[in-house]
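To keep things clear, I will list the structure first and then write my remarks on it.
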Amino acid sequence: MPLIELFRSEPFKTCTMCQKAWTTREDFMSDRSLIYKGYIADFEKLEEGLFLFLHDNEECYTTMAVKVGLFFDLYRGDRFTTRMHNSAECGGYCLNRESIALCPVKCECAFVRDIITTINTRRR
Ligand SMILES: [Zn+2]
620 MPLIELFRSE PFKTCTMCQK AWTTREDFMS DRSLIYKGYI ADFEKLEEGL
670 FLFLHDNEEC YTTMAVKVGL FFDLYRGDRF TTRMHNSAEC GGYCLNRESI
720 ALCPVKCECA FVRDIITTIN TRRR
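Per my numbering, the very first residue in the sequence shown carries number 620; after that it's consecutive.
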C-alpha cells in the first residue's frame, strides 16, 4: 500500500443512497446487510472489474459497485498468467454476472472467482 493511502481519511466505501460509510474493507466485508450480487468482469484490466453488493437494511435497498482490484490481496495463491477466456476450456463463468462458481481452468482470470468465494464465506 502506498504511504499516501495510510493518511487518507476517506472510508473504504460509502453507500451511494443512504450514505452509510464503511471505514475499512473489514467493516464492509463483515456487514451482513451487504449481500453479494455479482461480478462484472473487465477483461482489459482485471482490477477494474466490479463486484456488486446490495445494501439491504430497513432504510436502504440499493446496489453498489466496488472495484475488484480492492480485493485482490485476499487471494494468496499463485496466479496464472495465461488468459484462457474464450478458449475451448473456458466455462464462461466470468461472463455470468451472478455465478459464484469456482473456475477450474488455469486462467489469469480464475483467481477472482476464489475471491468471490472468500467474500461470501467471510460474511456468513
Ligand atoms: Zn445504503
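Glycine residues also receive a C-beta, built at the ideal position from the N, C-alpha and C atoms.
- For the stretch 651 to 722, the full-length beta strand (DSSP E) segments reaching 3 residues or more read 653 to 659, 669 to 675, 680 to 686 along the chain.
- The set of residues with CB atoms less than 6 Å from any heavy atom of ligand 1 reads, in chain order, C634, M636, C637, K639, H674, C679, T681.
- In the three-state scheme derived from DSSP, where H, G and I count as helix and E and B as strand, T642 is classed as coil.
- When secondary structure is reduced to three states using DSSP, T633 falls in the strand class.
- Around the beta-carbon of C637, fewer than 16 other beta-carbon atoms lie within 10 Å, marking it exposed.
- By the 16-neighbour rule on beta-carbons within 10 angstroms, R695 is exposed.
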